[in-house]
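Sequences listed follow chains B and C, in order. Numbering-wise, the working numbering puts 1693 at position 246 of the first sequence, and it's gapless, one number per residue. Numbering-wise, the working numbering puts 95 at position 9 of the second sequence, and it's gapless, one number per residue. Built from N, CA and C at the ideal position, the CB exists for glycine as well. What follows is one structure encoded as structure tokens, with my remarks underneath.
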Amino acid sequence: MTILAFAGWVALGSFGAGLLGALTGLGGGIVVVPMLTLLFHVDLHYAIGASLVSVIATSSGAAAAYVREGYTNVRAGIFLEVATTVGALAGAALAGIIPTSALAVLFGLVLLYTAYRSLQSHADHIVIAAPHPWAVRLRLDSTFPTAAGLQSYAVQNVPGGFALMFAAGILSALLGIGSGVLKVLAMDRTMKLPFKVSTTTSNFMIGVTAAASAGVYLHRGYIVPAVAFPVMLGVLAGALLGARILGAANTRWLRLLFTGVVVVLAIEMLYKGVGSAL
Amino acid sequence: MITEAREVVRPAPSRWSDTKVDQWIGRLLQAGVLAAAAVVLAGAVALLARSGGAPADFRHFHPERSTLDGLAPIVRGALRLDSAAVVQLGLVLLIATPVARVALTVVVFVLKRDRLYVAITLLVLCLLLYGLLWGRA
């Protein structure tokens, strides 16, 4: 394949990933690495570098299209970014040591977990309990708009959420993903932030987390122009279009379709990882 | 224009915070991404015109072949209008965009006289700059 044909096909695939990722709210980053390695036989390091770059583009570029006034908890986001950036730098250090086959298996497991989470429904919980002492000290409690007006919420289990965010940072660097699913889990399930607050705050944090490891990978030669540009431009164009037509599309079926794709890629990644380790 | 003027007439002191500033930072961030994408696109077109017919082989990791792995060689190459270096410069701009967001957030917390969060945000900024400028983890 020539560079031109490679760029064309990769851009097309990335466009689809960005579009489906934006429409389903799962983000396209998670399918970029499997697509590059399984379909285009790109080395895992180059795939991770290109994917991280596209994660920054969608998180920062499409974010404004999703701006829901008053949802993002900026203080919680900044505080938890300490955990995700330290995690991302730790993950970037680990990336040089962990064998490629183990990374492929880990990727497969994260894909399976993402598919499982995407099929669950999210009920917005309102916690009346007293906030965690750290939440008081850090002034993390806030309000969010509902149909009935501003609703206040109390933040729970800050250390647990912080620890999960550290793990999300490691995974983001190791696998070249945004780890939005884990970030939402940390805020929604562990810290009991409302679901919409969790998703918007997660998106706010994803670009910063990815930038920490992308900076390191740039110096290590993971980011090569001919692989990174079709991925970045393709995913960004797909995500921007997805944000535009969101609402007109039937997201239920798209979500099922995307979950199906994720499961197939998970099995392929596990097979590849286990196969190359044997 | 008229609505903007009306908002100026009724300034709410605590309005510094939150939604307005968030939206402003959000728009700036989006502009940064679009500018980075424009640089990447220009470099990509030139790269394809120059070496689009060459075989694509990215099966194996060859970090020693990469000459564009630091900020100095990337800027030097881009100034010579080397297409690969221009693409790489666009990617550096993209990586710098969230870093700029964090830097602006420091300013916002300084203006709000929120010392605790100035410190926390500065810590995040230092971690990001450490990765981007020195490339060590």
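- The C-beta distance from Q1603/B to M1638/B rounds to 6 Å, short enough to meet the 8 Å contact threshold.
- Interface annotation, A130/C: in contact with chain B, CB-CB separation under 8 Å.
- Across the set Y1600/B, L1683/B, F1705/B, I1714/B, the C-alpha of Y1600/B shows the shortest separation from the C-alpha of Y1518/B.
- Taking the Cα of G1608/B as reference, the smallest distance to any Cα among G1689/B, D1635/B, R1667/B, T1561/B is reached at D1635/B.
- In chain order, H1488, V1489, D1490 make up the part of chain B whose C-beta sits under 8 Å from the C-beta of R145/C.
- For the C-beta of F1453/B, the chain C residues within less than 7 Å are, from N- to C-terminus, A142.
- At a Cβ-Cβ threshold of 8 Å, L214/C and I111/C do not count as neighbours.
- By the Cβ criterion, the region 1645-1653 of chain B is not in contact with the region 1669-1689 of chain B, since fewer than three pairs of Cβ atoms, one from each stretch, lie closer than 8 Å.
- Proximity to I1624/B across V1631/B, G1668/B, I1477/B peaks at I1477/B, based on C-alpha coordinates.
- Of all residues in the region 171-184 of chain C, the ones placed with a Cβ closer than 9 Å to any Cβ belonging to chain B are A171, V172, V173, Q174, G176, L177, V178, L180, I181, A182, T183, P184, in chain order.
- Chain B places a beta carbon closer than 8 Å to that of G138/C, counting this residue as a contact.
- By the 16-neighbour rule on beta-carbons within 10 angstroms, A1595/B is exposed.
- Bridge pairing for T1449/B: P141/C [DSSP].
- Beta-bridge analysis with DSSP links F1591/B to Q1598/B.
- Assigned with DSSP and collapsed to three states, Y1518/B falls in coil, not helix or strand.
- Residues of chain B whose Cβ lies closer than 8 Å to the Cβ of A121/C do not exist; the shortest such Cβ separation is about 11 Å.
- In the DSSP assignment, R1584/B falls within the unbroken alpha helix (DSSP H) covering 1580-1584.
- Taken in chain order, the unbroken stretches of alpha helix (DSSP H) that lie wholly in the region 138-202 of chain C and span 4 residues or more are 157-165, 169-197.
- The criterion of a C-beta distance shorter than 8 Å is satisfied by I1503/B and T183/C.
- Under the three-state reduction of DSSP, N1604/B is assigned to coil, being neither helix nor strand.
- Nearest to A164/C by C-alpha distance, out of G129/C, K198/C, I181/C, R187/C, is G129/C.
- Annotated three-state conformation of I1477/B is helix, per DSSP.
- Below the 7 Å Cβ cutoff, chain B contributes no neighbours of G163/C, its closest Cβ being approximately 10 Å away.
- Interface criterion not met: the Cβ of S1498/B is under 8 Å from no Cβ in chain C.
- Around P149/C, the beta-carbon contacts reaching into chain B at under 9 Å are H1492, R1667, G1668, Y1669.
- According to the DSSP assignment, Y1664/B belongs to the alpha helix (DSSP H) that extends over 1642-1666.
- Straight-line spacing of the CA atoms in A1469/B and G1463/B works out to 10 Å.
- Against chain B, a Cβ distance below 8 Å from L197/C picks out nothing, because the smallest value is about 14 Å.
- When the Cα atoms are used, R166/C and L1541/B turn out to be separated by approximately 36 Å.
- The beta carbons of G1472/B and V1682/B sit no closer together than 8 Å.
- Comparing alpha-carbon positions, the option among F1676/B, F1554/B, T1698/B lying closest to V172/C turns out to be F1676/B.
- Short of 6 Å from the beta carbon of L1558/B, and not among the five residues preceding or following it, lie these beta carbons of its own chain, in chain order: V1709, L1712, A1713.
- Straight through space, the alpha carbons of L1536/B and A1582/B are spaced by roughly 25 Å.
- At least one CB atom of chain C sits nearer than 8 Å to the CB of L1680/B.
- Here V1721/B is exposed: its Cβ has fewer than 16 other Cβ atoms, across all protein chains shown, within 10 Å.
- Counting along the chain, T1547/B sits inside the alpha helix (DSSP H) bounded by residues 1547-1565.
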